[in-house]
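First comes the structure, then the notes that go with it.
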Amino acid sequence: MSERKSITPTHRYRNNDKLIGVGNTFWNMSEEHGVAGIVGDLSDGVFRMADGHEFVNFTVCSYLDLDTHPKVIDGAVAALRRFGVLDHCIPRTRVQTSVLLELEESLGELFDAMVISAISTAAASTGLLPLIASGHLGNGTRPLMVFDKNAHVSMANAKPNCADETEVVTCRHHDLDYLEDMCRTYERVCYVVDGSDSLGGYAPVEELAVLQDKYNMMVFYDDSHSLSAYGERGIGYVRSHCPVRDDRTITVATLSKGFGAGGTAILLDGFPKETRRIVERFAGPLGYSQKMNAAAVGAALASAEIHRTEELTRLQGRLRANIALFDSLLATEQSGSTYPIRVVPMSDETVVEAAQRVFAAGFYTSPVFFPIVARGTAGLRVMLRAGQTEEQITRLCSVLVEAGARPADARPEPVTR
54 MSERKSITPT HRYRNNDKLI GVGNTFWNMS EEHGVAGIVG DLSDGVFRMA DGHEFVNFTV
114 CSYLDLDTHP KVIDGAVAAL RRFGVLDHCI PRTRVQTSVL LELEESLGEL FDAMVISAIS
174 TAAASTGLLP LIASGHLGNG TRPLMVFDKN AHVSMANAKP NCADETEVVT CRHHDLDYLE
234 DMCRTYERVC YVVDGSDSLG GYAPVEELAV LQDKYNMMVF YDDSHSLSAY GERGIGYVRS
294 HCPVRDDRTI TVATLSKGFG AGGTAILLDG FPKETRRIVE RFAGPLGYSQ KMNAAAVGAA
354 LASAEIHRTE ELTRLQGRLR ANIALFDSLL ATEQSGSTYP IRVVPMSDET VVEAAQRVFA
414 AGFYTSPVFF PIVARGTAGL RVMLRAGQTE EQITRLCSVL VEAGARPADA RPEPVTR
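If you count by our numbering, then the sequence shown holds residues 54 to 470, one letter each, in order.
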């Protein structure tokens, strides 16, 4: 019997050996120390576990607490009864109820854009990015696809599919000089980046707009972490600051974080109406029989109505006050930013133990480590929300200092954006 041939991986766009080999060690440590795989019931903002332990979760992306808003919950239930189906499981290109069309019309008015819904931002990015790579979303030119090194995995996972259509490269985080060099070299460039990072901070939207105007560069943003929490009527950081509102800018943003519902909104400006059909028919998961169900749509419709009222402004104000309170007590690289996420620096050796200590004191902060962050930059991720009390934030910061965090008087230079 002849010797069987083995496979040598190319590792052009991912490396699971490295990803799992290093990352799984930290995940196993987290589970062993009781700070991952936690199960509990939520009541009045407090999680209760079967063993009786209670804790306040400081790692929740619902920055305005709309996911527990009575109107949002009632909206989900009402939609089920109104439309009489949870999920009519067939591609919308063939048969659909009016439920998605009603939501997209409401969101289109709210965000002043053509809106196409998707079940998740991962599905949206998986479907849209290869269409950009082939020139079918854009001006017909296949662009050089430049992925930011820190682009969320939901976007980075599309690299191989994009590479079947065009050239794909990865650049350093927010490397404007590199981008301009590529714009001078290639006929068209598309930059793929988070508008708001899951570990804190915003993209240099205004600087990128300069490159867009100068070189006709496209930018694909995932602005999930700033939707609702930032901007008038919760339009997010990108749409609050980007002057390029045409087919050179595409934004996706989840409706399951600050928006408090479920699903994702794809925001398109300046594209012809037939773009909707191209996306619905050929954008991978967006053409499958997987879409927002009636409950998620009902919740999103209710949340959209809240976004049109002064209540949203009050919730944003409470969120900003809680962010300022945290920054007055604890030092992080994100101090001074309007962004609701803070990463409290810890070492690789101490981060899990620190998370365990904080958890025992009645708070959950998630330990982040490679491959979530670069090696040697581990920390505890804290997410501030409008509904957290001053007492909870003050007590958490005290516990974090005891676990090795720096107090505010040791703060590094603040973020100015």
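All C-beta atoms in this analysis are idealised placements derived from N, C-alpha and C, irrespective of residue type, glycine included.
Under DSSP, MET271 shares a beta bridge with CYS243. Around the beta carbon of ASN68, fewer than 16 other beta carbons sit within 10 angstroms, so the residue counts as exposed.
The DSSP-derived three-state label of GLY93 is coil.
CA-to-CA, the gap between GLN369 and TYR283 works out to about 7 Å. Residue burial is scored here from C-beta neighbours: SER381 has fewer than 16 other C-beta atoms within 10 angstroms and is therefore classed as exposed. The region 199-212 makes contact with the region 261-279, as at least three CB pairs between them are under 8 Å. In the three-state scheme derived from DSSP, where H, G and I count as helix and E and B as strand, CYS224 is classed as strand. If only uninterrupted alpha helix (DSSP H) runs of at least 4 residues are considered, those enclosed by the region 143-167 are 152-164. Each residue's CA atom was taken as its position, placing GLY76 and ILE425 some 8 Å apart. Positions of the beta strand (DSSP E) runs, each at least 3 residues long and wholly inside the region 277-361, are given as 302-307, 317-321 in order along the chain. The shortest CA-to-CA distance from PRO213 to any of ALA186, GLY193, ASN192, PHE100 is the one to ALA186.
In the displayed model, PRO183 falls within a helix according to three-state DSSP.
In the DSSP assignment, PHE200 falls within the beta strand (DSSP E) that extends over 197-201. If you compare the alpha carbons of CYS224, ASP300, ALA318, GLY351 with that of ASP127, the shortest gap goes to GLY351. The beta carbon of ASP120 is closer than 6 Å to those of GLY313 in its chain, skipping five residues each way along the sequence. For PRO424, no beta strand (DSSP E) run applies, since DSSP gives it neither H nor E. Of all alpha-carbon atoms in GLY74, ALA347, TYR392, GLY287, the one lying nearest the alpha-carbon of LEU163 is that of GLY287. By the Cβ neighbour-count rule, THR317 is buried, with 16 or more other Cβ atoms within 10 Å of its own. Annotated three-state conformation of TYR231 is helix, per DSSP.
By the Cβ test, the region 403-420 is in contact with the region 80-99, since at least three Cβ pairs between them sit closer than 8 Å. Ranked by Cα distance from LEU372, the options LYS344, VAL152, ILE394, ILE359 are led by ILE394. LEU182 is positioned such that its CB atom lies closer than 9 Å to that of CYS215.
Collapsing the DSSP output to three states places ALA131 in a helix.
The three-state secondary structure of SER249, taken from DSSP, is strand. With contact defined as three or more Cβ pairs closer than 8 Å, the region 324-332 and the region 346-363 are not in contact. Spatial neighbours of TYR341 in its own chain (CB-CB distance under 7 Å, excluding positions within 5 residues in sequence) are listed in chain order as PRO144. Residue pairing by DSSP puts PHE100 in a beta bridge opposite LEU95, PHE108. Its chain contains HIS294 as the residues whose beta carbon lies nearer than 6 Å to that of GLU259, once the 5 sequence neighbours on both sides are disregarded; these appear in chain order.
Counted as a single uninterrupted DSSP element, the stretch harbouring MET208 is not any beta strand (DSSP E) but the alpha helix (DSSP H) occupying residues 206-209. For ALA377 against LEU117, the beta-carbon gap comes to about 16 Å, at or over 8 Å, which does not count as contact. Distance from the CA of THR362 to the CA of ALA355, rounded to the nearest whole angstrom, comes to 11 Å. Comparing C-alpha distances from GLU455 to each of ARG428, GLU443, MET399 shows the shortest one belongs to MET399.
In the structure shown, VAL396 falls within a strand segment according to DSSP collapsed to helix, strand and coil.
In the three-state reduction of the DSSP assignment, LEU433 falls in the strand class.
In this structure, the straight-line span from the alpha carbon of ARG448 to that of MET102 is close to 21 Å. Around the CB of HIS64, fewer than 16 other CB atoms lie within 10 Å, so the residue is classed as exposed.
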